[in-house]
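Read the structure below first, then the notes.
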Amino acid sequence: MAVPHPDEELQRLQRLCRQGLPRAVVVTGPNDFYRHEAVELLLAAVPKDAELRRIDAVDDRGGGSAEDDADERAAAGDAPAEGLQDVPELGDLRGGGLFAKSAFVCVRRGSKWWQRCATVLAAQLPHTARGCGLLLEAPKLDRRRKAAAALAKELADAGAWFEFRDLYETSFGSTSLLDGELAKWVKRRAAALGVPLSAEAAVLVVVQVGKSLAELQAELHRLRDRLGARPERQPLGPDALRGALTCSFESTPFEFAEAVLARDEVRALRSVRAMFDRGVRGKDGRRDTGGVLPFTASWTWQALAKAYEGRQLLEAGVPLRDVPARLAVGRFADRFAEQVRKNDLPALRRGLLALHHCQRLARTSGEEPDAPLEQFLACWFGRTPLPGAEDLEP
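Going by the numbering used here, the first residue of the sequence shown is number 2, and it counts up by one from there.
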């Protein structure tokens, strides 16, 4: 069964906390941001009069992982615990100490702890005293042992097992970041902070800041501090974020389109390299750049089309100083006027056709995602001929 959206898991956890904590709750999954939020919810739900023991179970020795076999674990000192004497913290769950009627044990980064203690935990959990409980957090838990698998199933059936997956950059069957969970998450969080963003602006934040939810959240707080919290204002577009984002990775689709219309080939090529070199290499050595190409192509298309409209007005006799206002360009009107002045209609038509060809190549050629953009630049700057009609067929 597919893992639900992290927000749905968090809402389910909130309902559980309101009902009262059970004898054990497990928080797992690769999304460390949501795991942290989940643990904070659990700790807030621990009764004020309960004794709380916190354990950071990270293995500083760098011993075996959950994928090691039993012999390697034993050699590293990670042999499975055999009884309560090997896991004394579980004794707290039999009842509170001298100064508390109940007790909770919170184990953070507990992959190793679970690996060693799951069998004892499964045996001791039925003896947990009323009002006591275990809170266990880990990115991944090994369920290969019979006792661990049975315990995991028991907790899942009881609704006490929560798994927080990563957010998807794009939706299924789409390459657009606009449809992805990550940009929608940024949009929701920004609105909650009083800095409403348009969908395009949310994508720009993702492209420029990256995939880390903690970094994205921190950047949204900086935006709120810099721009002010005003929930009633119209959603901010990408132009409004220019110069406001502080967590930069050298270039964005916004800057790429600006370099294209400024006819600065060196800057445009540098922008492509900066955007694609930023990706994290996967196990196969390939860079994970998500939806950089479709968002860059989409934003550049809008910029070229807007400049085309402006050039039409200019050639129809509208003074250049009035063109931005006629097209409702409020911010950076001078820059837009310069783009209109510098690019004539044949050049802009050539650019739109070349960009169409670039998008087609991205769908059909199997090339690396940066190659179509480089071919677009080669055509835009006149180094290669414009594709023929047969090349532009869908």
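Backbone N, C-alpha and C define an ideal beta-carbon position, used for all residues, glycine too.
### Message
Taking the straight line between their C-alpha atoms, what separation do you get for Ala-161 and Ala-124?
### Response
17 Å
### Query
Opposite Leu-135 in the DSSP bridges: which residues?
Ala-25, Val-106
### Message
For Tyr-309 and Arg-364, I'd like the C-alpha separation in whole angstroms.
### Response
26 Å
### Exposure label - Glu-233; buried when at least 16 CB within 10 Å
exposed
### Message
Under 8 Å: do the stretch 177-191 and the stretch 34-51 share three or more Cβ pairs, one atom per stretch?
### Response
no
### Message
Do Leu-126 and Gly-25 count as a contact pair if the criterion is CB distance below 8 Å?
### Response
For clarity, residue 25 is Ala in the given sequence; the question names Gly instead. Going by C-beta atoms, Ala-25 is nearer than 8 Å to Leu-126.
### Task
Enumerate, from N- to C-terminal direction, the unbroken beta strand (DSSP E) stretches of 3 or more residues contained entirely within the stretch 296-330.
none
### Query
Taking DSSP as the reference, what is the three-state secondary structure of Arg-54?
strand
### Query
Considering only residues of the stretch 151-210, which uninterrupted beta strand (DSSP E) runs meet the minimum length of 3 residues and lie entirely inside it, listed in chain order?
162-164
### Message
If distances are taken between C-alpha atoms only, which option among Gln-86, Ala-379, Val-324, Arg-384 comes closest to Val-121?
### Response
Gln-86
### Task
Could you check the C-alpha separation between Pro-373 and Ala-298 for me, to the nearest Å?
10 Å
### Task
Report yes if the CB atom of Gly-292 is closer than 8 Å to the CB atom of Glu-170, and no otherwise.
yes
#### Entry: Cys-118 vs Ala-157 beta-carbon contact at 8 Å
no
### Task
May I have a chain-ordered list of the alpha helix (DSSP H) segments no shorter than 4 residues that lie completely inside the stretch 211-251?
214-228
### Query
Skipping 5 residues on each side, what residues in its chain have a beta carbon closer than 6 Å to that of Phe-382?
Glu-266
### Query
Buried or exposed: which applies to Gly-318, given that a residue is buried once 16 or more other Cβ atoms fall within 10 Å of its Cβ?
exposed
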